[in-house]
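J.: Using the working numbering, you'd call the opening residue of the sequence shown number -6 and step up by one each time.
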Amino acid sequence: MSSLTVAEALVRVLIEAGAERIYGIVGDSLNPITDAVRRSDGKLRWVHVRHEEAGAFAASAEAQLSGKLAVCAGSCGPGHLHLINGLYDAHRSYAPVLALVSHIPSEQIGTSYFQETHPELLFRECSHFCEMVANPKQAPRLFRLAAQTALAKGGVSAVVVPGDVAALEAGEDVPSTFATERPVVRPADAELDRLAELLNSASRVTVFCGSGCRGAHAEVLALAKRLQSPVGHAYRGKEWVAYDNPYDVGMTGLLGFGAAYEAMHACDVLLLLGTDFPYDAFMPVKPQIAQVDVRPEHLGRRSRLDLGVCGDVRETLRALLPRLEQKEDRRHLEGALEELAKARRKLDTHVRNVGSHRPLHPELVASVLDEVAAEDAVFTVDTGMCNVWSARYLHATVERRIIGSFTHGSMANALPQAIGAQLLYPGRQVISMSGDGGFAMLMGDFLTLAQYELPVKVVIFNNSSLGMVKLEMQVSGYPDTQTDLVNPNFAKLAEAVGVMGQRVEAPEDLRGAFERALAHPGPALVDVVTDPHALSLPPRVTIKQAAGFALAMTKLVFNGDGGEVVDTVQAHLRH
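#1: Take residue 262 as the anchor and find which of 321, 282, 237 and 7 has the nearest alpha-carbon.
#2: So, under 8 Å CB-CB, residue 11 and residue 173 are touching, yes? Tell me the CB distance rounded to an integer number of Å.
#3: Report the option in 40, 202 and 231 whose CA atom is closest to the CA atom of residue 570.
#4: With a threshold of 16 other CB atoms inside 10 Å of the CB of residue 525, please say whether the residue is buried or exposed.
#5: Considering only the alpha carbon of each residue, which of 514, 510 and 164 lies closest to residue 521?
#6: Short check: CB of residue 186 to CB of residue 311, under 8 Å?
#7: In angstroms with no decimal places, state the Cα-to-Cα distance between residue 385 and residue 476.
#8: Look at the alpha carbon of residue 500 and the alpha carbon of residue 428, and state the distance between them as a whole number of angstroms.
#9: Check residue 458 in the structure and name its three-state DSSP category.
#10: Residue -4 by DSSP, collapsed to three states: which one?
#11: Am I right that residue 376 and residue 431 are in contact with their C-beta atoms under 8 Å? What's the rounded C-beta distance?
#12: If we ignore side chains and look at the alpha-carbon of each, how far apart do residue 547 and residue 448 end up?
#13: Have a look at residue 468 and residue 459 and give me their C-alpha separation to the nearest angstrom.
#14: Pick out the complete alpha helix (DSSP H) segments inside the stretch 337 to 414, 4 residues or longer, and give them in chain order.
#15: Could you tell me the alpha carbon to alpha carbon distance between residue 228 and residue 480, rounded to whole angstroms?
#16: Using a Cβ-Cβ cutoff of less than 8 Å, which residues in the same chain neighbour residue 42 once the five nearest sequence positions on both sides are dropped?
#17: Just the Cα atoms here: how many angstroms apart are residue 498 and residue 242?
#18: Report yes or no: do the stretch 292 to 312 and the stretch 205 to 212 share at least 3 C-beta pairs separated by less than 8 Å?
#19: Have a look at the DSSP bridge pairing and note the partners of residue 523.
#20: How about residue 195 and residue 225: do their beta carbons lie closer than 8 Å?
#21: Excluding five sequence neighbours on each side, which residues of the same chain lie with their C-beta closer than 6 Å to the C-beta of residue 138?
#22: Count the other CB atoms within 10 Å of the CB of residue 473; is the residue buried (16 or more) or exposed (fewer)?
#23: Only counting the same chain, and skipping five residues up and downstream in sequence, which positions put a Cβ closer than 8 Å to that of residue 352?
#24: To which residues of the same chain is residue 251 closer than 6 Å at the C-beta, ignoring the five residues directly before and after it?
#25: Can you tell which of 239, 219 and 192 has the C-alpha that lies nearest to the C-alpha of residue 299?
#26: Residue 121 by DSSP, collapsed to three states: which one?
#27: Taking the beta carbon of residue 87 as the centre, do at least 16 other beta carbons fall within 10 Å, making it buried, or is it exposed?
#28: At the level of alpha carbons, what is the spacing between residue 287 and residue 38?
#29: With respect to the beta strand (DSSP E) encompassing residue 427, which residues constitute its N-terminal and C-terminal limits?
#30: So, are the CB atoms of residue 265 and residue 143 less than 8 Å apart?
#31: Apart from the five residues on each side of it in sequence, which residues of its chain come closer than 6 Å, Cβ to Cβ, to residue 0?
#32: Which one of 356, 77, 515 and 127 has the shortest CA to CA distance from residue 98?
#33: Do residue 203 and residue 269 have their beta-carbon atoms positioned less than 8 Å apart in this structure?
#34: Terminal residues of the continuous alpha helix (DSSP H) containing residue 309?
#35: State the CB to CB distance for the pair residue 319 and residue 219, rounded to an integer number of angstroms; the pair is presumed to be in contact (CB under 8 Å).
#36: Quick one: residues in its chain with C-beta nearer than 8 Å to the C-beta of residue 273, no 5 flanking neighbours on either side, listed in chain order?
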């Protein structure tokens, strides 16, 4: 029999699976495990966050960026309940995360004991694997199954361990290696022939890419060159296909800009590559649609589908390219590129000739940040208006990474994700683009930056409002309600905890503040006061949305809030 305790067996399995850190808050039911981590000679490190949700977000970021197993932990009851939102984000982002879910004493399960929950039910929906270690003899095998499942499927595994069981002697472990590389999936020749026939017969092809295009940059460009196709992308596809790409025509969807929307609707065939783009209202209905995805359950999930092919994007394109004829007609491509140039010129008006306008245009803030950040910077981006400004003004490079809660859409993701990113990449710039609402929601973990001296740079877009929620209300015809925020001077707050803080209220101070923050060796915060009336509109605004916005403005006037209407109109005239 093994002489290891269940906790020690867990630590050994995690180290063998490639994990380096556990994000969490210690607690009584976790004591055997935290002590086993302490005795691991630094091979596994406990990172003490201030909220378990932040720990789950940090683990999610580390796993997304590295592709390796990351771990978070919550003590029994309230502790592990706090993990759930971050785990949903990790699971929907296909991040290999193992969640260590501590439980009440085993003899008390089912008696409505203090802090009792039912973890096997709670975590089932946000995991591929969710099992409880009911007997110490089974512990090593369950730990290995959990780690392998997270790595193989991409997503969360949850292991429930009662605190008393963690201290017992584990059963015998049967060591095994972990398969960390995904298998290559290539479509059958007959499927490739059908796809080639469809593309060869079309005069106008548009390609739309998602995160499944990771590692396929060269193949996507070769395809676009062969087909003379414009290439649009979802936000999660931006970092993989938008850089050094003469065929790039931007994004569609709620955050979109450029010509992707037009190119997708004007083509004969739309080819979807590795994307599970959720907003079907932006998908065309007239062209034929083909889709390539390694996950067959994604085929046809978002749109009508004329041909679905299961395969890795890179391997599929490598096998497809020899079957494709070279197209010579560039009119579809050049038209889309011309539309992109027009859209870019319009966007650039928001950052030119800003004069001394106060509050600052948020577009200017994102644009200057893009200019001064390193070519290999890692950006973590809050949900809401920060998503919009980062999507439109951050340039992708071969080494930059841009992550956010792009599928789950949670507030407050950027700061904790930056913690995981910085621990993974201690020598790289990590920049959190935080909204004031998102930053305040998990503001406690700003102390984690100070405690571990993590050189994360936090940029707060401080518009004293929940900007995206405000826009959603207005386009639906509602006057915005309860969207205003009363914020402190976040720069002074940073200084109060020993972190470099700067507040920017004038355009001429912006670049210098960013440069000083990025040059600072420790954590830094830049609190930028931005215009709350700067609104972002999608690439196509429906008549219903426009009518709703007009109705909301009218209601504001009749409710005595005409000043806000004037400010909004003036903000857009300046834009």
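Built from N, CA and C at the ideal position, the CB exists for glycine as well.
T.: To lay it out plainly:
#1: Counting from one through the sequence shown, the residue named residue 262 turns up at place 269. Checked all of 321, 282, 237 and 7; the closest Cα to residue 262 is 282.
#2: The residue given as residue 11 occupies position 18 in the sequence shown. The residue given as residue 173 occupies position 180 in the sequence shown. At roughly 7 Å, the Cβ-Cβ gap stays under 8 Å, so residue 11 and residue 173 are in contact.
#3: Outside the shown range of the chain, which is -6 to 568, sits residue 570, and nothing can be said about it.
#4: For this step, residue 525 is matched to residue 532 along the sequence shown. Per the 10 Å Cβ criterion, buried.
#5: Here residue 521 refers to the residue found at position 528 of the sequence shown. Nearest to residue 521 by alpha-carbon distance, out of 514, 510 and 164, is 510.
#6: Numbered from 1 along the sequence shown, position 193 holds the residue referred to as residue 186. Numbered from 1 along the sequence shown, position 318 holds the residue referred to as residue 311. No.
#7: Translated into the one-based positions of the sequence shown, residue 385 becomes position 392. Translated into the one-based positions of the sequence shown, residue 476 becomes position 483. Going from the Cα of residue 385 to the Cα of residue 476 covers about 24 Å.
#8: Counting from one through the sequence shown, the residue named residue 500 turns up at place 507. Counting from one through the sequence shown, the residue named residue 428 turns up at place 435. CA-to-CA, the gap between residue 500 and residue 428 works out to about 19 Å.
#9: Numbered from its first residue, the sequence shown carries residue 458 at position 465. Of the three classes helix, strand and coil, the one that applies to residue 458 here is strand, per DSSP.
#10: Translated into the one-based positions of the sequence shown, residue -4 becomes position 3. Of the three classes helix, strand and coil, the one that applies to residue -4 here is coil, per DSSP.
#11: Here residue 376 refers to the residue found at position 383 of the sequence shown. Here residue 431 refers to the residue found at position 438 of the sequence shown. Their Cβ separation, rounded to whole angstroms, is 7 Å, which keeps residue 376 and residue 431 in contact under 8 Å.
#12: Taking the first residue of the sequence shown as 1, we reach residue 547 at position 554. Taking the first residue of the sequence shown as 1, we reach residue 448 at position 455. Its pLDDT being 45, under 50, residue 547 is placed unreliably in this model, and the coordinates cannot settle the point.
#13: Within the sequence shown, the letter at position 475 stands for residue 468. Within the sequence shown, the letter at position 466 stands for residue 459. Residue 468 and residue 459 have their C-alpha atoms roughly 15 Å apart.
#14: Correct list: 355 to 365 and 378 to 386.
#15: Residue 228 sits at position 235 when you count from the first residue of the sequence shown. Residue 480 sits at position 487 when you count from the first residue of the sequence shown. CA-to-CA, the gap between residue 228 and residue 480 works out to about 30 Å.
#16: Within the sequence shown, residue 42 is the residue found at index 49, counting from 1. Answer for residue 42: 16, 17, 18, 48, 51, 409, 412, 438 and 441, listed in chain order.
#17: The count along the sequence shown starts at 1 and reaches residue 498 at position 505. The count along the sequence shown starts at 1 and reaches residue 242 at position 249. About 34 Å.
#18: Touching, yes, given that three or more Cβ pairs across the two stretches are closer than 8 Å.
#19: Counted from its first residue, the sequence shown places residue 523 at position 530. The secondary-structure analysis by DSSP pairs residue 523 across a beta bridge with 353.
#20: Within the sequence shown, residue 195 is the residue found at index 202, counting from 1. Within the sequence shown, residue 225 is the residue found at index 232, counting from 1. It is not a contact, given that the beta carbons lie outside the stated cut-off.
#21: If you number the sequence shown from 1, residue 138 lands on position 145. Taken in chain order, the list of residues that qualify is empty.
#22: Looking up residue 473 in the sequence shown gives position 480. With 16 or more Cβ atoms within 10 Å of its Cβ, residue 473 is classed as buried.
#23: Indexing the sequence shown from 1 puts residue 352 at position 359. Cβ neighbours of residue 352 beyond the five flanking positions: 456, 498, 522, 523, 524 and 525.
#24: Walking along the sequence shown from the start, residue 251 turns up at place 258. Counting only Cβ-Cβ distances below 6 Å, and skipping sequence neighbours, we find 242, 243, 333 and 336.
#25: Sequence index remark: in the sequence shown, residue 299 carries index 306 (1-based). Closest in C-alpha terms to residue 299, from the list 239, 219 and 192, comes 192.
#26: By one-based count along the sequence shown, residue 121 stands at place 128. When DSSP states are grouped into helix, strand and coil, residue 121 belongs to the coil group.
#27: What you label residue 87 is simply residue 94 of the sequence shown in a count that begins at 1. Counting C-beta atoms within 10 angstroms of its own C-beta, residue 87 has 16 or more neighbours from the protein chains shown and is therefore classed as buried.
#28: Position 294 of the sequence shown, counting from 1, holds the residue named residue 287. Position 45 of the sequence shown, counting from 1, holds the residue named residue 38. Spanning the two alpha carbons is a distance of roughly 34 Å.
#29: Translated into the one-based positions of the sequence shown, residue 427 becomes position 434. For residue 427, the enclosing beta strand (DSSP E) begins and ends at 423 to 428.
#30: Position 272 of the sequence shown holds residue 265. Position 150 of the sequence shown holds residue 143. Taking 8 Å as the Cβ cut-off, residue 265 and residue 143 do not qualify as a contacting pair.
#31: Taking the sequence shown and counting its residues from 1, the one referred to as residue 0 is at position 7. Answer for residue 0: 25, 26, 29 and 159, listed in chain order.
#32: In the sequence shown, counting from the first residue as 1, residue 98 sits at position 105. Answer by Cα proximity: 127.
#33: Taking the first residue of the sequence shown as 1, we reach residue 269 at position 276. Taking the first residue of the sequence shown as 1, we reach residue 203 at position 210. Yes; because the gap between Cβ atoms is below 8 Å, this pair is in contact.
#34: Residue mapping note: residue 309 aligns to position 316 of the sequence shown, counting from 1. Residues 306 to 313.
#35: What you label residue 319 is simply residue 326 of the sequence shown in a count that begins at 1. What you label residue 219 is simply residue 226 of the sequence shown in a count that begins at 1. Their Cβ separation, rounded to whole angstroms, is 6 Å, which keeps residue 319 and residue 219 in contact under 8 Å.
#36: Indexing the sequence shown from 1 puts residue 273 at position 280. The residues are 295 and 296.
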